[in-house]
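A.B. asks:
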Amino acid sequence: MTFEKTPGWLDWYQGPSKPTFKVPAGAVDAHCHVFGPGDEFPFAPERKYTPCDASKQQLYALRDHLGFSRNVVVQATCHGADNRAMVDALVNSGGKARGVATVRRSVSDAELQAMHDAGVRGVRFNFVKRLVDFTPKDELVEIAERINKLGWHVVIYFEAVDLPELWDFFTALPTTVVVDHMGRPDVTKPVDGPEFELFVKFMREHSNVWSKVSCPERLSVSGPPALNGEQNAYRDVIPFARRIVETFPDRVLWGTDWPHPNLKDHMPDDGLLVDFIPHIATTPELQRKLLVDNPMRLYWPEEK
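Every letter in the sequence shown is one number past the one before it in full-length UniProt numbering, and letter 190, counting from 1, is 190.
1. Using the three-state DSSP reduction, which class does residue 71 fall into: helix, strand or coil?
2. Please tell me whether residue 179 and residue 153 are closer than 8 Å, where the distance is taken between their beta carbons.
3. What three-state label does DSSP hand residue 200 in the structure shown?
4. Restricting to Cα atoms, I'd like to know which of 293, 149, 51, 193 is closest to residue 239.
5. From residue 87 to residue 228, what does the alpha carbon distance come to, in whole angstroms?
6. Spell out the partners DSSP gives residue 157 in its beta bridges.
7. Give the secondary structure of residue 32 by DSSP, where H, G and I count as helix, E and B as strand, and everything else as coil.
8. Mind checking residue 73: buried by the 16 CB within 10 Å criterion, or exposed?
9. For residue 121, count neighbouring Cβ atoms within 10 angstroms of its own Cβ and tell me buried if that reaches 16, exposed if not.
10. In the structure shown, what three-state DSSP assignment does residue 237 receive?
11. Tell me whether residue 199 is buried or exposed, calling it buried when 16 or more other Cβ atoms sit within 10 Å of its Cβ.
12. Please look up how many angstroms separate the CB atoms of residue 271 and residue 19, rounded, as I've assumed it's under 8 Å.
13. Within this structure, are the beta carbons of residue 226 and residue 259 separated by less than 8 Å?
14. What span of residues does the beta strand (DSSP E) with residue 209 cover, start to end?
15. Compute the Euclidean distance between the alpha carbons of residue 257 and residue 274, then round it to the nearest angstrom.
16. Going by DSSP in three states, residue 317 sits in which element: helix, strand or coil?
17. Ends of the beta strand (DSSP E) at residue 97?
18. With distances taken from CA atoms, which of 66, 167, 190, 211 is nearest residue 236?
19. Between residue 202 and residue 283, what straight-line distance do the alpha-carbon atoms span, to the nearest angstrom?
20. Can you tell me whether residue 177 is helix, strand or coil according to DSSP?
21. Thinking residue 209 and residue 244 are a contact (beta carbons under 8 Å), I'd like their distance in whole angstroms, please.
22. With residue 169 as the anchor, note down where its alpha helix (DSSP H) starts and where it stops.
Pasting the structure below:
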């Protein structure tokens, strides 16, 4: 099949720079995606957008270029609950990738076990209304209880204003819970203001909650963007991410979010995105926890 990309949405950055920051040995890009290619792995009929193709070969070439050792490939919403493209990326990674799936209540135990054998270690629940249709919470709870038996975790994607209404559901989940992109804070508000304080409280009061401190290009309002050699990109996001890294150093993850779906304003240079890391994890110890120790503990615990 051939698919036409959603108008106005940008393709990923070609020819990224080599990062100035050298990531520690064994670093994991803990949030990235594959899209199709559509003629091999068709996009879901219910999708809210159509992306450009972004193959496993291109993802792993970027991994090597940026200096990372491994990837966590997260199921993209444009593929719905058809995890074939993500699983294919895992089984062709030489053991260097683990995955996060999207599943429905109808998934069989055999299908879950097959995904586990391929390297899947979590499921993603998306609450961003512009990206997905609502899934009943009782279905999500049932899924969480089933995947908990496999030792998987739940990844949750939501926006900061929705945390109060989702709080009781999130805190009742039986698994480790990983929040995508710090719950998408409004970085025009104070880092010590009530909205972000609620997210900090969420992590402080629930030791099973982790956070990805990724996607500054999605959160930034004033920039500057990670383009044209900018070594101090997304300054308005730095205080938020740094606070989470320094407060919860053993429960944070970072990823490129390549190939950066749904961006319309600008497409970041992934090399310069890597150079964002030392602004939020300011010591070698914090960098190692963020990029190596934490993702290895969560996704490759058998190697620890």
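C-beta: ideal position from N, C-alpha, C; glycine also.
C.D. replies: This is what the structure gives:
1. It is a strand residue.
2. No. Outside cutoff.
3. In the structure shown, residue 200 sits in a helix (DSSP, three-state: H, G or I).
4. Measuring from the Cα of residue 239, the nearest candidate turns out to be 193.
5. Taken atom to atom, the span from the alpha-carbon of residue 87 to that of residue 228 is near 35 Å.
6. Looking at the DSSP assignment, residue 157 forms a beta bridge with 126.
7. DSSP places residue 32 in strand when its eight states are reduced to three.
8. Buried, by the Cβ-count rule.
9. Counting other Cβ atoms within 10 Å of its Cβ, residue 121 reaches 16 or more and is therefore classed as buried.
10. In the three-state reduction of the DSSP assignment, residue 237 falls in the coil class, being assigned neither a helical nor a strand state.
11. Counting Cβ neighbours within 10 Å, residue 199 comes out buried, since at least 16 surround it.
12. The Cβ separation is near 5 Å, so the contact holds.
13. No.
14. If you look at residue 209, you'll find it in the beta strand (DSSP E) that goes 209-212.
15. Approximately 11 Å, taken between the alpha carbons.
16. A question about residue 317 goes unanswered here, because the residues of the chain that appear run from 1 up to 304.
17. In the DSSP assignment, residue 97 falls within the unbroken beta strand (DSSP E) covering 97-101.
18. Closest option to residue 236, judged by alpha-carbon separation, among 66, 167, 190, 211: 190.
19. Roughly 25 Å between the two C-alpha positions.
20. Correct three-state label for residue 177: strand.
21. The Cβ separation is near 11 Å, so there is no contact.
22. In the DSSP assignment, residue 169 falls within the alpha helix (DSSP H) that extends over 163-171.
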